[in-house]
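Remarks on the structure that follows.
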Amino acid sequence: MNVPMLAAITDIARDTGETFGFNLWMFLSQVISFVLVALLLRKFAYKPILHVLEDRRQKIAEGLLNAEKIKQQLAEAEQRYAEILAKGNAAAQKMIDEARESAGHLAERKQQEAIVAAEQIVAKAREASVIEHERTMTELKRELGRLVVDTTAKVTGKVLTPDDQRRLQDEAARQVAT
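The opening position of the sequence shown corresponds to residue 9 in the numbering used here, with each subsequent residue numbered one higher.
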């Protein structure tokens, strides 16, 4: 700055001081009072407020960190849930498949057993039919022999001996068999 300008500022300050009544001692006491009030406020108001604000900032940061941890734990829990659910579904499907396979084997085995039982029933029925046929044929031969003997006795008019009766019955049985 140049000197004339500095002189002009000094003159303006002196004029303002004379106009408003500038008192150096009063000004210095106000500066000292302002500095004391500023120091007291700094010590008892500003620092505690800064401390409270710092505590709040730390709590907010901890809360955000905890929220992030909880979010991560939730994602892990959902992943574990999905894995457990997938394992459970796979196990259930495996059990269903095994049950179907077992039911198929059981049905096949029961069907085979039913076929064997039916074949046994048919075999027994054939056996019974053969036995009944033989019994009927034997009875038929006996009855036919008796009829031949009776008819022969009536036709000839004589009484047949037991040997004659037996011979006629055998002959009639041979003719029926062929």
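C-beta: ideal position from N, C-alpha, C; glycine also.
Endpoints, the alpha helix (DSSP H) within which residue 18 is located: 11-28 is the extent of the alpha helix (DSSP H) around residue 18.
Option nearest residue 176 by Cα separation, candidates 103, 157, 85: Closest option to residue 176, Cα to Cα, is 157.
Rounded distance between the beta-carbons of residue 180 and residue 152, thought under 8 Å: Right, the Cβ-Cβ distance comes to about 5 Å (below 8 Å), so this counts as a contact.
Length of the line joining the Cα atoms of residue 155 and residue 161: It is roughly 10 Å from the alpha-carbon of residue 155 to the alpha-carbon of residue 161.
Which of helix, strand or coil DSSP assigns to residue 159: In this structure, residue 159 counts as helix in the three-state DSSP scheme.
Residue 52 - containing alpha helix (DSSP H), residue span: Residue 52: not part of any alpha helix (DSSP H); DSSP gives it neither H nor E.
Length of the line joining the Cα atoms of residue 77 and residue 87: For residue 77 and residue 87, the distance between alpha carbons rounds to 15 Å.
Cut-off 7 Å between Cβ atoms - residues of its own chain near residue 173, not counting five sequence neighbours on either side: Taken in chain order, the residues that qualify are 157.
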